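Numbering (the UniProt record's numbering), first residue to last: 1 to 302. Note that beta-carbon positions come from the ideal geometry of N, C-alpha and C, so glycine has one too. Values in this document were obtained by computation on a predicted structure and should not be read as measured data. What follows is a short report on a single structure.
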């Protein structure tokens, strides 16, 4: 049996390190590479918002217009996953509750379920698909089950004013639809992921469940492209580095939020870029800029 004092010290593999463990004087503090890259994108007409904080101390490592609310595409589904995790305590909505997909839920774009034969899946499997691939069909089925209004209430309870999941996933957006799937500020998103890492969203078990789904994310094309992970197998530390992240991708939108932990430090970060996606070079420049931020983060934690 674990004594109460020992139990309070236990942390999962995704949890934040204790504040006294890192010697901040030994950790590089320059983020000039990321600042320069994001600055060049802004000079080229892109709208940029970014923030990174030290997990142990809360110190802001860098920020660029981190208060600005930006389109964040699939990142808003983190709020859906939080609501789903909270519902799993209900007897009528357990992890093995089967949900059916319907023609009304169907949507193109990201995800695997639209390519699978199974017409129904358990709630926990759908959440895993959302965490792993930003599965649009799974997102819509889960939203139909829990309700967008419930996700909005949960968002308000968390104290998030500029971050939210605004709508279900649609192939096209008309004048009566929300203009974006989700929005968020880098400041609020880094707070949210820090709170998840500390077990402060719902409770320890609820936070860990959400982090477990997010740890399946296979999109490492943005900031995380600098970390050297396998897209399909990075739930365990590699060379002492562990990542949990979520990405959002839409035309003219690239956004990522995550927690990165290494031997020397841990960080929560968020980078969102809204740009004119008129040619391939513009998109590649955005991805290069996000990777530059990732290189700075990796240098900080490792």
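| Asked | Found |
| --- | --- |
| Determine whether the beta carbon atoms of residue 50 and residue 186 lie at a separation below 7 Å. | yes |
| What number of angstroms, rounded off, separates the C-alpha of residue 107 from the C-alpha of residue 169? | 7 Å |
| What are the start and end residues of each continuous beta strand (DSSP E) run of 3 or more residues lying completely inside the region 229-269, in chain order? | 242-250, 253-261 |
| Using 7 Å as the threshold, is the C-beta distance between residue 142 and residue 126 below it? | yes |
| Tell me, to the nearest whole angstrom, how far the beta carbon of residue 34 is from that of residue 248; I am working on the premise that it is less than 8 Å. | Contact flag wrong, Cβ pair sits at about 19 Å. |
| Looking at the secondary structure, which residues open and close the beta strand (DSSP E) in which residue 70 lies? | 69-71 |
| CA-CA distance, residue 299 and residue 118? | 43 Å |
| Assuming the contact rule is C-beta atoms closer than 8 Å, residue 151 and residue 83 should be a hit. Round their C-beta distance to whole Å, please. | 5 Å |
| With H, G and I counted as helix, E and B as strand and the rest as coil, what does DSSP make of residue 206? | helix |
| Quick one: is residue 237 buried, meaning 16 or more other Cβ sit within 10 Å of its Cβ, or exposed? | exposed |
| Let's see if you can read the secondary structure: which residues bound the alpha helix (DSSP H) around residue 386? | Any property of residue 386 remains undetermined from this structure, which presents the chain solely from 1 to 302. |
| So, under 8 Å CB-CB, residue 52 and residue 190 are touching, yes? Tell me the CB distance rounded to an integer number of Å. | 7 Å |
| Which same chain residues end up closer than 7 Å to residue 218 when comparing Cβ atoms and leaving out the 5 residues on each side of it in sequence? | 132, 133, 231, 232 |
| For the pair the region 201-219 and the region 84-102, tell me if three or more CB-CB distances fall below 8 Å. | yes |
| With DSSP as the reference, identify every bridge partner of residue 333, one or two as the case may be. | With the chain covering only 1 through 302, there is no way to say anything about residue 333. |
| Please list, in chain order, all residues of the same chain as residue 94 whose beta carbon is under 8 Å from its beta carbon, the five residues on each side excluded. | 88, 123 |
| Suppose the cutoff is 7 Å on Cβ atoms and the five residues either side in sequence are ignored; what does the same chain contact list for residue 292 look like? | 33, 34, 37 |
| Please state whether the Cβ-Cβ distance between residue 181 and residue 76 is less than 7 Å. | yes |
| Distance, Cα to Cα, residue 261 vs residue 157? | 28 Å |
| Residue range of the beta strand (DSSP E) that residue 62 falls in? | 60-64 |
| When burial is assigned at 16 or more other CB atoms within 10 Å of the CB, is residue 60 buried or exposed? | exposed |
| Taking the alpha-carbon positions, what's the residue 64 to residue 216 distance? | 28 Å |
| The alpha helix (DSSP H) spanning residue 316 covers which residue range? | No information on residue 316 is available, as it lies outside the stretch 1 to 302 that the chain covers here. |
| Can you give me the Cβ contacts of residue 135 inside the same chain, cut-off strictly under 7 Å, excluding the 5 residues immediately before and after it? | 110, 111, 112, 113, 129 |
| Could you spell out where the alpha helix (DSSP H) holding residue 37 opens and where it closes? | 32-43 |
| Run through the DSSP bridge pairs and tell me what residue 309 is partnered with. | Residue 309 is absent from the structure shown; the chain starts at 1 and stops at 302. |
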